[in-house]
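The sequence shown begins at 5 in the numbering used here and counts up by one. C-beta atoms are modelled at their ideal positions from N, C-alpha and C, and glycine is treated no differently. Structure first, commentary second.
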Amino acid sequence: MFKSKVTLAVTGASGSGYFLRLLKALVEADMQIYLLLSDAAKIVLKTEENEDWPEEVDDLNFFLQNRYQTKEKQIVALTAKDWFSPVASGSSAPDKMIICPCSCGTLASIAQGLSNNLIERSADVILKERGQLIVMPRETPFSTIHLRNMLTLSELGVTVMPLAPGFYHQPQTIADLQDFMVARVMDHLKISHKIGKRWCE
Ligand SMILES: Cc1cc2nc3c(=O)[nH]c(=O)nc-3n(C[C@H](O)[C@H](O)[C@H](O)COP(=O)(O)O)c2cc1C
5 MFKSKVTLAV TGASGSGYFL RLLKALVEAD MQIYLLLSDA AKIVLKTEEN
55 EDWPEEVDDL NFFLQNRYQT KEKQIVALTA KDWFSPVASG SSAPDKMIIC
105 PCSCGTLASI AQGLSNNLIE RSADVILKER GQLIVMPRET PFSTIHLRNM
155 LTLSELGVTV MPLAPGFYHQ PQTIADLQDF MVARVMDHLK ISHKIGKRWC
205 E
């Protein structure tokens, strides 16, 4: 029914516009998306993008289906304690997960295997099943703790892709910067797309 499935988590780091652009790109690529939002992510979405999403998960799913004009269940939003959802178990989870943006708090929890909420548990499942995890942290400067946690994850095969777009494509708008990062994610997931220009194009 869908091309493939992916887990997309959003945490409370700055840069929620990147997430909005990525969600749209994944919908357009006909992916099924299991969507996980932390409480802090909702605050940042409101602060940065004036996005006030429904609190109740059924309302949120209805809202997203209408907003992105998706097929039924193309976006499946889950709560932090939806332990009976596919993403919570290695027997049913997608083999790909992106955390965009990834807070340094969630980064630390994943590096330590805490699994205290569904975002951390989903990432833990990807690690144990040796799937593909992309984390997109944003902080500046990074502390030694942040860097150590990123090294730990990188050594486990995680792609650490900081939200640090290049400028060599001469971006004119914020959307150009968002497109740069989203295109890199799509490339790493091997999802074909026509977002932005490639080097030397
Ligand atoms: C507007 C706003 C911007 C924030 N920006 C960042 C950030 O860029 N990086 C970061 O690691 N945390 C940032 N934080 C702090 C996190 O939201 C906070 O540590 C939170 O506990 C993370 O929880 P979560 O990982 O469950 O989303 C920000 C918080 C707010 C309210």
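Nearest-angstrom Cα distance between residue i and residue j?
i    : j    : result
D86  : C204 : 45 Å
K75  : S96  : 21 Å
F23  : D180 : 14 Å
T15  : N70  : 23 Å
E133 : V91  : 12 Å
I123 : V186 : 20 Å
G117 : D128 : 6 Å
H173 : K100 : 28 Å
A45  : P98  : 22 Å
P105 : P141 : 6 Å
G19  : K194 : 23 Å
Y72  : K28  : 7 Å
T83  : K201 : 36 Å
A168 : L39  : 23 Å
L12  : N121 : 14 Å
V10  : I102 : 8 Å
Going by the C-beta, is residue i closer than 7 Å to any heavy atom of ligand 1?
i    : result
R25  : no
R142 : yes
C108 : yes
I199 : no
G117 : no
I149 : no
A168 : no
S126 : no
G21  : no
S18  : yes
A45  : yes
T51  : yes
V48  : yes
T11  : no
S42  : yes
T15  : yes
Where DSSP assigns a beta bridge to residue i, which residues make up the other side?
i    : result
I79  : I37
A168 : Answer is none; A168 lacks a bridge partner.
V10  : I37
T156 : T156 pairs with nothing; no bridge assigned.
T163 : I138
message: If contact is defined by three or more beta carbon pairs under 8 Å, each pair taking one atom from either stretch, is the segment 145–165 in contact with the segment 112–119?
response: yes
task: Counting only runs of 4+ residues fully inside the segment 62–141, write out the alpha helix (DSSP H) ranges in chain order.
output: 108–115, 122–132
- prompt: Just checking, does the segment 51–63 make contact with the segment 28–38 on the three C-beta pairs under 8 Å criterion?
  reply: no
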